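> My questions will all concern the structure given below.
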Ligand SMILES: Nc1ncnc2c1ncn2[C@@H]1O[C@H](COP(=O)(O)OP(=O)(O)O)[C@@H](O)[C@H]1O
Ligand SMILES: [Mg+2]
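Protein chains in written order, with this note's numbering: chain A, 3 to 304; chain B, 3 to 534.
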């Protein structure tokens, strides 16, 4: 999908956040443009939630700054919040109010009550709004926050691991909701460690690790940074392949050669092997997962 | 910062909705309690009895406990009510306000309920502001009802002017403690901490006025509790203390607002110390975990009991001087031959201390219930330990704690008495006099365990029963309650040494009752569902 190049909705500049002596964010830089679905991925404790809370102005940056819609995240929080909807990863509600009451409260605090959308979403997410929140499971509490968010007419949706308690069916409904907002041109910041979800929904991805953004780009761009796995069977045995730049983990088994190749060396490799009469060729494009693992594998990765 | 207060009114509505049961109950109980006592006093104390009481109370020990006796030369019912009761009413209102404010600020924040609220277009201070607006409304209702009800009971010396001032003083001091709790809710990152510090402040204010009322007036004026008593309700009806307290409340609220605007959500201003990364050996067992959860409560209360015992012990010197000068006091306390005045006074202190010990004991005995409400018990119960052991663990902890707490009291008393009246008493006597209360404490623990097992929704009833015992023992000494009322509390069957001698029959019966209640609680607990 091609996107118009819009203005920046979120701009995070060299953001550092310390809790006492512990540095949770260490110079985060991040830009999200209008109408874009941005995926923030990273393992537990990487700083996703801290980044988001700073954007929401409920944590104050130690240094650096964060702005949303061109306004300062801390100083202009209330103005910003009129145009954003947030779903936390861990939704906690008041045990003696019903789900319906809480949704209405959240919508009421926005000042607009979108009854039709609310009821449609209740149905889609299959939530009983008459039950007290004390009886809700984690997933149901998450649905309450999701319904309140998607029933609003916010311009930017900030979702922090919003599907961690949902079953696969509900996850699908969630994805449809996100795509619907995307089609309306709304922006989404989705933090997640469910990679298939991010691959399906996001235009651009940022990888955060130990309080630093280590990689950002469109999925295509990120794939360039990773390696493609190939296995090839040829009529004549392949020679000299080990000399080509960008080849890794070369193996041969009964005439089938398999290896990994850096995405940007692909052209060289293909023209080299063409000379040996290819019988069969298989290539697996890199998955976000590999990318993710490359950054996180404690053993050093690929 | 723009819009810091936005949406305060909507959040106030939310608080009122959530409070539709709890707060009306508090208010009704408080008004019934405070006005009921005013009615009771009128019926129970003819003029001569009041006058006698005024003189009786006018000694350092009682002044330390109750405050200065104003209007003693014409101790009308109004004067008696204002002098003896307003302190306790204000302290109860303070407790209500502390719980109320922490419940709607720090506790909600700690449980993550404020996060989504704050992501909506609500101001940074809106949540605190809503709690404060609600507190103003609640205290106003409470104050007005108090004034109104005091006036309509139609006791001659409880007049309109005094009733109005009483209500206003309740309103003002309620707000001051709401403000104090609001500040501690900003300082501490946990609701337990916020409640704990607020109660500590209340305790310190009480001690300040105790010391101040005996010999350093300035301390009493610095304590809102001492200050409010100087309104001289139904005597002078001085409005100045109420006005000063209102101004103090406004100033303290301003501090809370300022702190709230500056800090991160979920954080306190005081640093939280990091926990340990691995469980100690003890923590890895079921019982160890339970112990860990109540350890701090228990240690704090052991210190409190020791210090309270010691402070009562330390006024023993004054008691003797006083008794030799006052016929009334001799008549009241020195009537039993062969016992020293210090021992006599000690017997009264012992009963009060045993009541104090009930507070930590009930907290421990009801700990499982509070864990269950927080859904934390689920994790533990899904382990390999049989369910019944879980509750049994807390019961055992409460029984052990009862012994330790009584020992701490006895020791505190003994050391202080030894210091002011060497040879005035023996440790053996004090141990017997305090440990003899154990069966009554055990009955209350038994009730708490039984309720946890059988009627988990209403475990807090046991607090009401505690309040009742407190009333019968503590005020019964002054008000001469009818026997059948006093006998509804297990404390009525405990001999007060050395005036009474130990009779093992009722003690054994109480112990058996306690064991049966506890056992029944455990059996019911094993059978019931989890309940939030
Ligand atoms: N209030 C806090 N006090 C101290 N440390 C915190 C606090 N909040 C988060 N952290 C720490 O900051 C790091 C980042 O946390 P977080 O942003 O929640 O990670 P993520 O959402 O990516 O899992 C973690 O190591 C976490 O323990
Ligand atoms: Mg997180």
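Note that CB positions come from ideal geometry on N, CA and C, so glycine has one too. A quick note: this is a predicted structure, and the numbers were derived from the prediction, not measured.
Run through chain C and tell me which residues come within less than 8 angstroms of residue 273 of chain B, C-beta to C-beta.
Here chain C cannot be found, since the structure's protein chains are A and B.
> Could you check if residue 188 of chain B belongs to the surroundings of ligand 4, using beta carbon to heavy atom distance under 7 angstroms?
As far as ligands go, the structure on display features ligand 1 and ligand 2 and does not contain ligand 4.
> So for residue 209 of chain B, helix, strand or coil by DSSP?
Residue 209 of chain B: helix per DSSP, three-state reduction.
> Note down, in chain order, each residue of its chain lying with its Cβ closer than 7 angstroms to the Cβ of residue 76 of chain B, except the 5 sequence neighbours on either side.
Correct list: empty, nothing qualifies.
> Quick one: what does DSSP say residue 195 of chain A is sitting in, helix, strand or coil?
Reduced to three states, the DSSP call for residue 195 of chain A is coil.
> Can you determine whether any heavy atom of ligand 2 sits closer than 7 angstroms to the C-beta of residue 533 of chain B, and answer yes or no?
For ligand 2, not one heavy atom lies less than 7 angstroms from the Cβ of residue 533 of chain B.
> Could you please tell me which residues of the region 174-185 of chain A, in chain order, have their CB closer than 8 angstroms to any CB of chain B?
Against chain B - using a Cβ distance shorter than 8 angstroms - the region 174-185 of chain A contributes no residues.
> Report the option in B:192, B:314, B:388 whose CA atom is closest to the CA atom of residue 273 of chain B.
Looking at the Cα atoms, B:192 is the closest of the given residues.
> For residue 12 of chain A, return the contacting residues in chain B, with the cut-off set at a CB-CB distance below 8 angstroms.
The contacting residues do not exist; residue 12 of chain A stays about 14 angstroms from chain B at best.
> Following a CB-centred definition, is residue 50 of chain A positioned closer than 7 angstroms to any heavy atom of ligand 1?
Residue 50 of chain A Cβ: within cutoff of ligand 1.
> Assign residue 114 of chain B to one of three DSSP states: helix, strand, or coil.
Three-state result, residue 114 of chain B: coil.
> Leaving out the 5 sequence neighbours to the left and right, which residues in its chain are closer than 6 angstroms to residue 283 of chain A when beta-carbon positions are compared?
Once the five neighbours on either side are set aside, the close Cβ partners of residue 283 of chain A are 234.
> Sorry if obvious, but does the Cβ on residue 24 of chain A come closer than 7 angstroms to a heavy atom of ligand 1?
At least one heavy atom of ligand 1 is nearer than 7 angstroms to the Cβ of residue 24 of chain A, so yes.
> For residue 521 of chain B, which residues from the same chain have a beta carbon less than 7 angstroms from its beta carbon, with the 5 sequence-adjacent residues on both sides left out?
Nothing meets the Cβ criterion.
> Is residue 303 of chain B buried or exposed, if buried means 16 or more other CB atoms sit within 10 Å of its CB?
Result: buried.
> Where does residue 170 of chain A land, buried or exposed, given buried means 16+ other C-beta within 10 angstroms?
So residue 170 of chain A counts as exposed.
> Would you mind reading off the limits of the alpha helix (DSSP H) that contains residue 293 of chain B?
Where residue 293 of chain B is concerned, the enclosing alpha helix (DSSP H) stretches over 288-316.
> Can you pull the DSSP bridge partners for residue 262 of chain A?
DSSP, once it has assigned bridges, lists A:231, A:250 as partnering residue 262 of chain A.
> Check the Cβ of residue 94 of chain A against every Cβ in chain B and list those closer than 7 angstroms, keeping chain order.
Here the neighbours are 113, 114, 115.
> So, under 8 angstroms CB-CB, residue 29 of chain B and residue 147 of chain B are touching, yes? Tell me the CB distance rounded to an integer number of Å.
Indeed, because the Cβ distance is near 7 angstroms, the residues count as touching under 8 angstroms.
> Between residue 15 of chain A and residue 67 of chain A, which are expected to be in contact by the criterion C-beta below 8 angstroms, what is the C-beta distance as a whole number of angstroms?
Confirmed, Cβ separation roughly 5 angstroms.
> For chain B, is any of its Cβ atoms less than 8 angstroms away from the one on residue 214 of chain A?
So no, residue 214 of chain A is outside the interface.
> Report back the beta-carbon spacing between residue 165 of chain B and residue 175 of chain B to the nearest angstrom; my notes put them in contact at under 8 angstroms.
No, residue 165 of chain B and residue 175 of chain B are not in contact; Cβ-Cβ is about 16 angstroms, not under 8 angstroms.
> Return yes when the Cβ of residue 444 of chain B is within less than 8 angstroms of the Cβ of residue 471 of chain B, no when it is not.
No; because the gap between Cβ atoms is not below 8 angstroms, this pair is not in contact.
> Report the option in B:391, B:81, B:43, B:506 whose CA atom is closest to the CA atom of residue 439 of chain B.
Nearest of B:391, B:81, B:43, B:506 to residue 439 of chain B, Cα basis: B:506.
> Rounded to a whole number of angstroms, what is the C-alpha to C-alpha distance between residue 256 of chain B and residue 185 of chain A?
For residue 256 of chain B and residue 185 of chain A, the distance between alpha carbons rounds to 47 angstroms.
> In three-state terms, what does DSSP make of residue 99 of chain B?
Three-state DSSP puts residue 99 of chain B in a helix.
> Would you decide whether residue 178 of chain A is buried or exposed? Buried here means 16 or more other CB atoms lie within 10 Å of its CB.
Residue 178 of chain A comes out exposed.
> Please work out which residues of its chain come closer than 7 angstroms, Cβ to Cβ, to residue 538 of chain B, disregarding the five sequence neighbours upstream and downstream, and give them in chain order.
Absent from the structure is residue 538 of chain B, since the part of chain B shown begins at 3 and ends at 534.
> Going by DSSP in three states, residue 191 of chain B sits in which element: helix, strand or coil?
Three-state DSSP puts residue 191 of chain B in coil, outside helix and strand.
> Along chain B, in chain order, which residues have C-beta atoms closer than 7 angstroms to that of residue 98 of chain A?
What residue 98 of chain A touches in chain B: 20.
> Can residue 159 of chain A and residue 79 of chain A be called in contact, C-beta distance under 8 angstroms?
No, Cβ-Cβ distance for residue 159 of chain A and residue 79 of chain A is not below 8 angstroms.
> Taking residue 243 of chain A as the reference, which of A:272, A:70, A:149 has the closest Cα?
Checking every option, the nearest Cα to that of residue 243 of chain A belongs to A:272.
> At the level of alpha carbons, what is the spacing between residue 177 of chain B and residue 254 of chain B?
One C-alpha to the other measures close to 10 angstroms.
> Please state whether DSSP places residue 10 of chain B in a helix, a strand or coil.
Helix, per DSSP.
> Tell me where the alpha helix (DSSP H) around residue 25 of chain A begins and ends.
Taken as a continuous stretch (DSSP letters only), residue 25 of chain A belongs to no alpha helix (DSSP H), being part of the beta strand (DSSP E) at 24-35.
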